[in-house]
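Beneath this line is the structure, given in structure tokens, with notes to follow.
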Amino acid sequence: MFSRDSYYKKEQKRIIEEVGDLLLELVLQFLPHLQFHESARLDMWEVVAIKINNSRVSQQVAETRGDIEKVEEIPLLNGLFVTELYEMMMKEWKQKHISLNPHTHQWTRPEDIKASMSTHRDALLFQLYQLTGYGYEVMADLAKERLEASHRLVYSKEFDGGDDHEPTTSAELLAKHRNNQSDVKLESLEKELKKTQQKLALVEAENKRLLELNHELLQQMGGKSHQ
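Each residue of the sequence shown is one higher than the one before, counting from 21 in my numbering.
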């Protein structure tokens, strides 16, 4: 029998196989692991999870032609689980591509790592690996710019009289995606329902045409029998 831990690891690997590239693309887009505050990191990981959930739902709707039961069976991923998937992929990638030379006591050079890239996933992980190091290096230099940007954001929001502005903080971005999460499923199901209705309309029209032809043939046959 499999232990709970082994089943969990197996499920993680299965989902990585399914959406690993998409996850890395979203991490590269939103950079949740490089956010300065813990709350922002958590929010952005939730955004990444929601994006993945929406993609899986849309794909399932298309594959099952709007089978609601199949769509509802899809487990929703959360930010913590997605974080674990990312860390697992990065750890395995580092073990494969980064090592310490016992003779020179130097780590694998970036240009050598880049030359060994063979897949889209490897390339994404390489870029994220570089960004992680870069983020720590420039964090101190960006402190002043971050403070100025934060002040500009506060003042611009105070003088903004309307609510029609794009999300500017991680919390606002997460709220926006949570509000729209159910819309993606509904829109996908509505599109599939519309396609089904159109197909039914065509079938009904064809059946009606065949019935009319059949009726005409019966009339013709009836007329001949009386001659």
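Just so you know, even glycine gets a beta-carbon here, dropped at the ideal spot from N, CA and C.
Here the structure is a predicted model, which means the values were calculated and not measured.
In terms of Cβ geometry, Ala-191 and Asp-63 form a close pair [threshold 7 Å]. By the Cβ rule, the region 36-55 counts as touching the region 141-156, because three or more pairs are nearer than 8 Å.
Segment contact: the region 71-85 against the region 205-215, three or more CB-CB distances shorter than 8 Å; contact assigned. Counting every other CB atom within 10 Å of its CB across the protein chains shown gives Asn-227 a total below 16, marking it as exposed. Taking C-beta atoms under 8 Å as the contact rule, Glu-66 and Leu-194 qualify, at a distance of about 5 Å. Around the beta carbon of Ala-143, fewer than 16 other beta carbons lie within 10 angstroms, which makes this residue exposed. By the Cβ rule, the region 26-37 does not count as touching the region 159-170, because fewer than three pairs are nearer than 8 Å. Within the model, the alpha-carbon separation for Glu-236 versus Leu-213 is close to 34 Å. Going by beta carbons, Ala-69 and Asn-98 fall inside the 7 Å limit. The three-state reading of DSSP puts Ile-70 in helix, counting H, G and I together. Note that the C-beta distance between His-140 and Asp-41 is below 7 Å. Taking a 10 Å sphere around the C-beta of Ile-88, we find fewer than 16 other C-beta atoms and assign the residue as exposed.
In the structure shown, Ser-138 falls within a coil segment according to DSSP collapsed to helix, strand and coil. Selection Pro-52, Ile-72, His-57 evaluated against Leu-43 yields Ile-72 as nearest (Cα-Cα).
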